[in-house]
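J.: Numbering (the working numbering), first residue to last: 1453 to 2061.
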């Protein structure tokens, strides 16, 4: 039975990280009797072990519940979304399937950087927004002040804020009434042909690919033959359902509703998020507007950590694990690479550092593989001149791939617009940090009497590793930041190479600004000296730009006291033993290989002085 389109509401829950989205989702499930008190548990929709352990949402979850208002039953489809800056892409996908959004703000912490970004995402999609002040039961809650902050920072009327406590359940009924009264119904179908938008997909070992979709036009029924418009593949629906939040089979899904379908889709490449589903025998003329593909900005290599006997299997296992994960998270890319030191692996692209961390942990858990990871880098656009004098542009994800310095015309790096919200007393410290990282000051606005929002333009390479930790340290934990990549900018960038025992180690090379190259090179050598264990022979460590050495450190070799057994007698005997030792060390140095531990690769990143 399909619900009348007038009685459907589709909305997302958006907020800064830790402002209580998942707890609010739990309360909505309980208030609408979707789960009983016995079934309820904290963060019910965060099904991944990793989400529950870290206390963050990684994947958006879609749920259908029913609520009676003035004697009429309404269908509410809502999506709990992530709050972390790296998962903004998940949020934008969720918003595309909705007509409204609930913007949750912590009544004690107030408006944070990610609150602003998610609010603008919803405004860009032209959604109706309900602002909710959560955690009003906290002793430090300041609902009136925070409501004024929302008005000042986002232009939403302070008196329209709804006060709730997702923990105690206070204000939840009022929120449900507001959702039904204020949020618009889904738009009426614009064509009599069937069209549904895929907004997510997960892989199930037993049923194949499960596709989450939002119906815009027409209906889908069990047994329908469907076509994916973008990829042109045809399937037959074997199961239709909704999450309530338990999977519940239905006969059909009508316009304005969300649901999932199973259609014996075996391979991961047969589904693309953002594609349009239509019927095979009467296809729609135009697909729905999908999503901009996500832009990967951080790259690093994953290699299987291997025992020599089963080297090939490890690579196969890693490939299978990455393939499986790439369907559940279409926002990372991967391609095979080979390294002298680490063998075969994959160069992967991520939306940010937390995203990289999560993918690595999910691969190790869900794919049961052990991974060696190289230092993350950003993508550069390099213009090179060919022998015929023609200029072409390359995209470089790895400093090792940078072409010969003589052919390079220019190197451009990604720049970010960084919004930082900080208490007023820390503004000077924050400015100093941003300017040290080659930041350009843009503007500053007051969020409230005690907090300010500053906007800088900073190269992504400068914030990729420890910028956020430094910011938190400087502002006693109160500073929050959000960044978005705006453009590529040409600068005086050079490649610093590291030579260990006169051999260049490409995995340790880095691209940095010429003015800081010598400092970064020397700093890196000092760190490597501590990380690389001593060998039987002396190891020279050198940093070079092109053919010019800009720094050197030496790791002394172990020395055995070969003259210990000589007591008294002629000095020439001691000399002879020392000469023999010297020759042995020299021979060892020419044939010996240097063992470089994993920590040494991570030392490239750490910019702390």
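Using N, Cα and C, we set each Cβ at its ideal position, and we do this for glycine too. Here the structure is a predicted model, which means the values were calculated and not measured.
#1: If distances are taken between C-alpha atoms only, which option among 1852, 1777 and 1826 comes closest to residue 1819?
#2: What's the gap between the Cα of residue 1612 and the Cα of residue 1568?
#3: Quick check on residue 1588: does DSSP put it in helix, strand or coil?
#4: Who does residue 1653 pair with in a DSSP beta bridge?
#5: Going along the chain, which residues of its own chain have a beta-carbon closer than 6 angstroms to the beta-carbon of residue 1671, five neighbours each way excluded?
#6: Against chain C, does residue 1517 count as a neighbour if the rule is that its beta carbon must be under 7 angstroms from one of theirs?
#7: Any chance you could list the beta strand (DSSP E) runs of at least 3 consecutive residues sitting entirely within the stretch 1927 to 1969, in chain order?
#8: Residue range of the alpha helix (DSSP H) that residue 1880 falls in?
#9: Can you tell me where the alpha helix (DSSP H) holding residue 1572 begins and where it ends?
#10: Out of 1789, 1524 and 1580, point me to the one whose CA is closest to residue 1548's CA.
#11: Tell me, please, which residues DSSP counts as bridged to residue 1755.
#12: I'd like the list of long-range same chain contacts for residue 2002, defined as Cβ closer than 8 angstroms, with 5 residues on each side in sequence excluded.
#13: Out of 1814, 1464 and 1633, which has the shortest C-alpha to C-alpha gap to residue 1519?
#14: Measure the Cβ-Cβ separation of residue 1834 and residue 1846 and say whether it is below 7 angstroms.
#15: Residue 1577 to residue 1571, Cα distance in whole Å?
#16: Would you mind stating whether residue 1942 and residue 1966 have Cβ atoms separated by less than 7 angstroms?
#17: Starting from residue 1634, trace the alpha helix (DSSP H) in both directions and tell me its first and last residue.
#18: Would a C-beta distance cut-off of 7 angstroms place residue 1773 and residue 1821 closer than the cut-off?
#19: Could you work out which residue in 1638, 1597 and 1603 is closest to residue 1526 when comparing CA atoms only?
#20: Taking the alpha carbon of residue 1690 as the point to measure from, which residue in 1787, 1674, 1881 and 1906 has its own alpha carbon closest?
#21: Would a C-beta distance cut-off of 7 angstroms place residue 1824 and residue 1930 closer than the cut-off?
#22: Taking all protein chains shown into account, do 16 or more other C-beta atoms lie within 10 angstroms of the C-beta of residue 1752, making it buried, or fewer, making it exposed?
#23: Please report the residue range of the alpha helix (DSSP H) in which residue 1484 lies.
#24: Am I right that residue 1556 and residue 1586 are in contact with their C-beta atoms under 8 angstroms? What's the rounded C-beta distance?
#25: Measure the Cβ-Cβ separation of residue 1479 and residue 1624 and say whether it is below 7 angstroms.
#26: With DSSP as the reference, label residue 1718 as helix, strand or coil.
#27: Within the chosen definition, does the stretch 1729 to 1742 reach the stretch 1795 to 1805 through at least 3 CB pairs nearer than 8 angstroms?
#28: Pairing CB atoms from the stretch 1870 to 1884 with CB atoms from the stretch 1893 to 1909, are three or more of them under 8 angstroms?
#29: Please return the same chain residues whose Cβ sits closer than 6 angstroms to the Cβ of residue 1575, not counting the five positions on each side in sequence.
#30: Tell me the DSSP secondary structure of residue 1851 in three-state form.
#31: Below 7 angstroms between beta carbons: does that hold for residue 1867 and residue 1911?
#32: Compare the beta carbon distance of residue 1593 and residue 1559 with 7 angstroms and say whether it is the shorter of the two.
#33: Go ahead and label residue 1605 buried or exposed: buried means 16 or more other beta carbons lie within 10 angstroms of its beta carbon, across all protein chains shown.
#34: Could you give the DSSP three-state label for residue 1727: helix, strand or coil?
#35: Could you tell me the distance, in whole angstroms, from the CA atom of residue 1959 to the CA atom of residue 1951?
#36: Pairs of beta-carbons, one from the stretch 1978 to 1987 and one from the stretch 1919 to 1937, closer than 8 angstroms: are there three or more?
T.: On the basis of the supplied data:
#1: 1777
#2: For residue 1612 and residue 1568, the gap between their C-alpha atoms comes out near 17 angstroms.
#3: DSSP places residue 1588 in coil when its eight states are reduced to three.
#4: 1663
#5: 1704 and 1706
#6: The chain inventory of the structure shown lacks chain C, comprising one protein chain alone.
#7: 1932 to 1943, 1945 to 1952 and 1962 to 1965
#8: 1879 to 1888
#9: 1565 to 1576
#10: 1580
#11: 1824
#12: Counting only Cβ-Cβ distances below 8 angstroms, and skipping sequence neighbours, we find 1948, 1969, 1970, 1973, 1974, 1995 and 1996.
#13: 1633
#14: Remark: C-beta atoms of residue 1834 and residue 1846 approach each other more closely than 7 angstroms.
#15: 10 angstroms
#16: no
#17: That run of the alpha helix (DSSP H) goes 1624 to 1634.
#18: yes
#19: Among 1638, 1597 and 1603, the Cα nearest to that of residue 1526 belongs to 1638.
#20: 1674
#21: no
#22: With 16 or more Cβ atoms within 10 Å of its Cβ, residue 1752 is classed as buried.
#23: Note, residue 1484: premise wrong, no alpha helix (DSSP H); not H, not E.
#24: 5 angstroms
#25: yes
#26: DSSP places residue 1718 in coil when its eight states are reduced to three.
#27: no
#28: yes
#29: Cβ within range, chain order: n/a, list empty.
#30: helix
#31: yes
#32: yes
#33: Taking every protein chain shown into account, the CB of residue 1605 has 16 or more other CB atoms within 10 angstroms, so this residue is buried.
#34: coil
#35: 11 angstroms
#36: no
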